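All residue numbers for the sequence shown refer to the numbering used here, where the first residue is 14 and numbers rise by one.
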Amino acid sequence: MSSRSPLQRRAKQLAGTASAVAGMARNPETRKALLSSLRPGDSGAQATMPAEGSVTLDPPSGLEDFSRRSVAVASSATPPDQLAEAIADFGRAPEWFSLHAAWRGDPPGRLAEGDTFAQQILLMDIPAEVRWTAASVTSRGLELQGTGPMGIVLALWCAVAPDGTGSVLRVDVGMDGPPLRGPIGTTVVRSIDAALAVSAGRLAAMGTGTGARPAWTVRDEPVLHEASGRMLDPRTPVVVGVGQVVQRVPQPANDPVALAAQALRAAAEDSGAGEQLLRAADAVYAVPSASWTYRDQSALVAEAVGATPNERVQSTPYGGDGSQLLVNEAAAAIASGRSQIVLVAGAEAGSTLAAVQKDGQTPDWPEQDGDIAPDRVVGVDRVANNEIETAVGLGAPVYVYSLMESAVRHRRGHDVSQHREAISGLWSRMSAIAADNPYAWSPSEVPPDELASPTPSNRAISEPYTKLMCANLQVDLASGIVVTSVAAAQAAGIAQDKWVFVLAGASATDQWFVSERADLSTSPAIRAAGRGALEHAGLTIDQVKHIDLYSCFPAAVQIGADALGLPVDDPERPLSVTGGLTFAGGPGNGYGSHAIATLVPILRADPTATGLSTSLGWYATKHSVGLYSAQPPERVFEHLRPMVERPPARRVLRSYEGDVVVEATTVPYARDGAPEAAVLSVLTPDGDRVLLRSDTPEIIAFVLDGDPIGRTLRLSGGEISVLRRKTAELPDPPSAPVKVRREGAVAVVTLDRPEARNAIDARTAAALELAIDDAEADDTVRVIVLTGAGGAFCAGMDLKAAARGEFPVTERRGPLGLTGQPPTKPLIAAVEGSALAGGCELALAADLIVAAEDAEFGIPEVRRGLIAAAGGVMRLRDRLPRNIAMELTLLGEPLPAARLAELGLVNRVTEPGSALEVAIDLAARIAANAPLSVSVGKKMIDESPGWDLDDAFQQQSILASPVILSDDAREGVAAFAEGREPVWRGR
């Protein structure tokens, strides 16, 4: 055997566990430690490996008794006596022991032999309680013996020895117990290997003035909230510090990261805990800068404030929803026990960048290597516009929002002059708020008539907006928010009058492309997110006193207010706490964090009140909502992603001949104030939408003179004619081809084109994909049922539409809007009548099939010179005997449900007309089981056929470990023992 074979075998083993390693190694130190096992000579984990000839520490006695073992060694400049004292004072474990999560009860202090204490550690990112006994404590280290959940036993040894003027140290962990004796143990050991490498590095740095974290005692036990007298779950998320920076004079030395670090230091000072709070952070979240692009902004921010986080997260590169989205994600990480202290920061240096570039220079700001990336990116990242929108000039927010503004005007019943007065008054009130905001970019009040009137300094941008009605992106602004658990806040000594709780958070998206929305003036997604957050917090919108709605343009504020049920002009409850993106400033993606940072001190001063903040991205497209209060929450925090009650989407036509009704308009202006063109959204009698752009003086005048909405135009031969002054009602969108309803934890998705036997055209495929996406995102949906209306399941692809070049293939889920990427949640097909061609392929994409006894399945494509390439042939071969799959594929003749039930393809055969009822019952029974167990069980079944036989058990353990070590596993065992129904938490 060649000398390369062991290395090749090692590489194969590492490749087989790549997904597990990715999950364990979010910490940059951990990744270095893992890579050191592949690259001899790498130091790993910022620890100095003992040099050749250094003192060697032998494995501890008793380590061989454990079936699973892990070790890390390092050199330190700290003398051995000092290191041994730091180890013996195990209350300082949070400073170096990276597995530490919290203490159960009092921390141990300096250990003596026989001492006992309880600690919560992270096994594969899952909190687990270990009860330790100090078996030995000497001048050269210690030995701890412990017991964990489900019969796991552990031991921890730390040993130090003199090595020149410094020390060499060794940390060992031994583990055993039923859960660890199978392949799962290998996965756990890999996570421990990585964590010990980090721990050894931190321990080696103790006493050198670098790398140490604050030695706070974070206890995993209820926390008394003094003002309310309530005992709080220690994982309850709370904002403890906020900071903002406004830099009105350009400073080329300050890139966005430097400004973000200033804001976080201000937040740490605001908390009262000081900068040690930043060093203690175990996660850093960054809102990406638009003025300077970093590959991993969170890593640079962490380095700037001295944090060594276990996780680095960013929101998507473009989207103003990112700030609130990240706070929601941070609160969720804390509520789950994954994190204790999270830093959220965003910054822009657009003003400085513009000044530097005006001088013909490029700033000397950080650039990162191409392979650097954050551990996680959250949010939806898609192209903002479709081709039809771009073709008429709707490629920038100001033009889209100004078009939407006219639709808002029509919905509010305003004529042109009334609406101009309304939005200029709204924006003037915003400016008055900014005038009192010390962190506002333009803190001065502007009268309504100055806002509405175009002048050289306030030029017209796009009707009806002037410059001072648009977000101001050329700013130098930064914000920092520190979110912690109440246990960590208490441990850090942060006064409770600084605490502002994150009560609930929710995120949702509207129909992605504006041109496909049923109504340009409303947001079903904001309505769903707001309702979800309020219901979770047990509140109504009337109980929310302090509000900040995302305010890039007046249309955004009015759409948000309408969705949430808020009046636009209530002087007692203004819709901003900052003054909005025009006057407070619009720092790229990061405005929402300034709203939160402003809201927090308001709520501290008004401790019985509740505040709401919204953030949005693109064209009121993606949204995030947060509720805050100094009063603790009634329920455990959740980041909700509720299903949105969507009206039917409109078709967008590239061309049309005939009469249309004007729905919305705008006129973009050149810099000299001259109108460039008229942009119109018009509706056909069938409810389809056509976008027009015309530079003819007649059409521009038609849009600018009077009120064009509701007027009838005729489109003929590329010409636009105005037909009559009388207004018409706006046509409703075409009937929705896919309908969704909830049955408890079950989402029922119905194909609703009975006139075409539910055949799938492009519009239906897009609607089906969106329905599945919504159900996947909503954690309260456990199972999806897919069915068809009108006594048929689905006749497959709409061949007439395909003949017109309209193919039912979607961006993410592929053919038919589903079969290329079926949902990760269980999917049940409820089949009545025929499931032929693509209909059969949809059924085959399901995990279970319930069919009426007169239902039939087949792939007749062979009879039309086609083939079932949406997964049909492939899945039939997987699910049926070869000869039966051949029969269906080659003959193209259908088989009845009863026969396919005998062959195992159909799970239940029902009386005609009852397939949906039986499928919903089956789905409800699945939904009653533990969510993690269901999810991982399905994933195993889906993925295991592709596993290499040698690695199969390893892959199984990677998937199974989080389930076996989960809260739900403990709850299931406890509920069985106590004779009660379990209460699943999905973690």
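Glycine is no exception: its CB is placed at the ideal position from the N, C-alpha and C atoms.
Remember, it's a predicted structure, so these values are computed and weren't measured experimentally.
Cβ-Cβ distance between residue i and residue j below 7 Å
{"i": "Leu893", "j": "Leu861", "result": "no"}
{"i": "Ile401", "j": "Ser528", "result": "yes"}
{"i": "Ala868", "j": "Ala932", "result": "no"}
{"i": "Gly179", "j": "Ser89", "result": "yes"}
{"i": "Val794", "j": "Ala843", "result": "no"}
{"i": "Pro10", "j": "Pro72", "result": "Because the chain here runs from 14 to 1000, residue 10 falls outside it and cannot be looked at."}
{"i": "Val255", "j": "Ala273", "result": "no"}
{"i": "Arg82", "j": "Gly164", "result": "no"}
{"i": "Gln431", "j": "Val390", "result": "no"}
{"i": "Thr151", "j": "Thr129", "result": "no"}
{"i": "His636", "j": "Ala538", "result": "yes"}
{"i": "Ala576", "j": "Arg540", "result": "yes"}
{"i": "Phe596", "j": "Ala780", "result": "no"}
{"i": "Ile554", "j": "Gly573", "result": "no"}
{"i": "Gly335", "j": "Leu490", "result": "no"}
{"i": "Ala778", "j": "Pro821", "result": "yes"}
{"i": "Leu901", "j": "Ile872", "result": "yes"}
Where residue i falls: helix, strand or coil (DSSP)
{"i": "Arg888", "result": "helix"}
{"i": "Ala427", "result": "The sequence as given places His at residue 427; Ala does not occur at that position. Here His427 sits in coil by DSSP."}
{"i": "Cys483", "result": "coil"}
{"i": "Asp685", "result": "coil"}
{"i": "Ala303", "result": "coil"}
{"i": "Pro461", "result": "helix"}
{"i": "Leu653", "result": "strand"}
{"i": "Lys371", "result": "helix"}
{"i": "Cys565", "result": "coil"}
{"i": "Ile712", "result": "helix"}
{"i": "Asp980", "result": "helix"}
{"i": "Asn323", "result": "coil"}
{"i": "Trp116", "result": "strand"}
{"i": "Ala315", "result": "helix"}
{"i": "Asn471", "result": "strand"}
{"i": "Ser642", "result": "strand"}
Proximal residues to residue i (C-beta, below 6 Å), its chain only, five neighbours per side dropped
{"i": "Glu782", "result": "Thr823, Arg826 and Gly830"}
{"i": "Pro995", "result": "Glu984, Gly985 and Ala988"}
{"i": "Ser419", "result": "Ala677 and Thr678"}
{"i": "Ala936", "result": "Val759, Val796, Val798 and Ile841"}
{"i": "Glu123", "result": "Note on identity: in this sequence residue 123 is Arg, with Glu being the wrong assignment. Cβ neighbours of Arg123 beyond the five flanking positions: Ala101 and Asp102."}
{"i": "Leu407", "result": "Val413"}
{"i": "Ala898", "result": "Leu889 and Arg890"}
{"i": "Gly36", "result": "Only weak support is given to the placement of Gly36: the predicted model assigns it a pLDDT of 38, under 50, and the value that follows is read from those uncertain coordinates. If we look at Gly36 and ignore the five residues flanking it on each side, it has no Cβ neighbours."}
{"i": "Pro120", "result": "Gly104 and Thr230"}
Closest residue to residue i among the options (Cα-Cα distance)
{"i": "Ser352", "options": "Pro698, Thr249 and Val259", "result": "Thr249"}
{"i": "Asp701", "options": "Asp745, Ala714, Asp619 and Ala677", "result": "Asp745"}
{"i": "Ala568", "options": "Gly154, Ser437 and Val391", "result": "Ser437"}
{"i": "Ala513", "options": "Asp555, Gly599, Leu612 and Arg472", "result": "Looking at the sequence itself, residue 513 is Val, so the reference to Ala does not match. When only C-alpha atoms are compared, the closest one is Leu612."}
{"i": "Gly605", "options": "Ala941, Asn485, Ser492 and Ser466", "result": "Ser492"}
{"i": "Phe650", "options": "Ser668, His559 and Thr497", "result": "Thr497"}
{"i": "Gly603", "options": "Glu874, Leu339, Lys558 and Asp672", "result": "Leu339"}
{"i": "Gly506", "options": "Val716, Val231, Trp116 and Arg737", "result": "Val231"}
{"i": "Ala343", "options": "Val173, Arg194 and Gly518", "result": "Gly518"}
{"i": "Ser284", "options": "Ala610, Val181, Ala168 and Asp449", "result": "Ala610"}
{"i": "Leu889", "options": "Leu908, Arg877, Ser80 and Arg876", "result": "Leu908"}
{"i": "His652", "options": "Arg663, Arg659, Gly639 and His607", "result": "Gly639"}
{"i": "Asp787", "options": "Ala207, Thr837 and Asp206", "result": "Thr837"}
{"i": "Ala848", "options": "Glu906, Ile712, Met887 and Ala207", "result": "Glu906"}
Proximal residues to residue i (C-beta, below 7 Å), its chain only, five neighbours per side dropped
{"i": "Asp791", "result": "Arg654, Pro655 and Met656"}
{"i": "Thr832", "result": "Glu854, Leu855, Ala858, Ala883 and Gly884"}
{"i": "Ala502", "result": "Val251, Val253 and Trp512"}
Own chain, CB closer than 8 Å to residue i, minus 5 neighbours either side, in chain order
{"i": "Asp981", "result": "Ala943, Pro944, Leu945, Ser946, Pro995, Trp997, Arg998, Gly999 and Arg1000"}
{"i": "Ile385", "result": "Arg308, Asp309 and Ala312"}
### Message
Could you tell me which whole beta strand (DSSP E) segments of length 3 or greater appear in the stretch 134-205?
### Response
139-151, 154-160, 166-176 and 179-189
#### Entry: Contiguous beta strand (DSSP E) assignments of at least 3 residues, all confined to the stretch 903-945
921-923
### Task
Entirely within the stretch 534-613 and at least 4 residues each: give me those alpha helix (DSSP H) ranges in chain order.
537-550, 567-577 and 593-596
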